[in-house]
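Chemist: Numbering (the numbering used here), first residue to last: 1200 to 1328. The C-beta atom is built at its ideal place from N, Cα and C for all residues, glycine as well.
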Amino acid sequence: TRPSSVVVDQVSVDYEPPVNNLQVLAAKDFQIDSVTVSCPNCARGVTLHATKDGSLKALSSEHLQCPKTVEASKGKMHRCNCSNYQIAVERFRDVDLVPLESVLQTCAFCKPHFHFQNGDCSKCGIFSA
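1) Could you check the C-alpha separation between Thr1200 and Pro1217 for me, to the nearest Å?
2) Is the stretch 1235-1245 close to the stretch 1256-1272, with three or more CB pairs under 8 Å?
3) DSSP three-state call for Thr1200: helix, strand or coil?
4) Say whether the stretch 1283-1297 touches the stretch 1238-1249, bearing in mind that this needs 3 or more beta-carbon pairs closer than 8 Å, one atom from each stretch.
5) Buried or exposed, going by whether 16 or more other CB atoms sit within 10 Å of the CB of Ile1325?
6) Which of the three DSSP states, helix, strand or coil, is assigned to Val1223?
7) Sort Ser1301, Asp1319, Leu1303 by Cα distance to Cys1309 and report the nearest one.
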């Protein structure tokens, strides 16, 4: 059974083998005051993500380029860079700190009829006329 409420404060977690969608915490309600996670062997770095079902997960996503060490404070963390021809979603472009539940929503592929070019999406030539 899951605890009904958990407060995480001044916790450090170090992963030796690379992680992929590893659950760190499961609770109906949790508050992240301060947690640091590191994964020196994760090629794409590591990030934290809070899910709707009350889980906190550490992950190394192919869609994000994150630092090898991240810190979450007061339920937010620095936004990772986008990778694999993705761009930052407009509502997160000028935002440095994102809520843990929004971490996986910060990047997106270009819309139809647009192509990735120099870190942004440009309209395809045939549709520019």
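Modeler: Judging by the given coordinates:
1) Because the pLDDT of Thr1200 is 46, which lies under 50, any placement of that residue in the model is unreliable, and the number read from its coordinates should be weighed accordingly. If you take the alpha carbons of Thr1200 and Pro1217, they lie about 28 Å apart.
2) yes
3) Because the pLDDT at Thr1200 is just 46, under 50, the model does not fix this residue reliably, and the value given afterwards should be weighed accordingly. Three-state DSSP puts Thr1200 in coil, outside helix and strand.
4) no
5) exposed
6) strand
7) Asp1319
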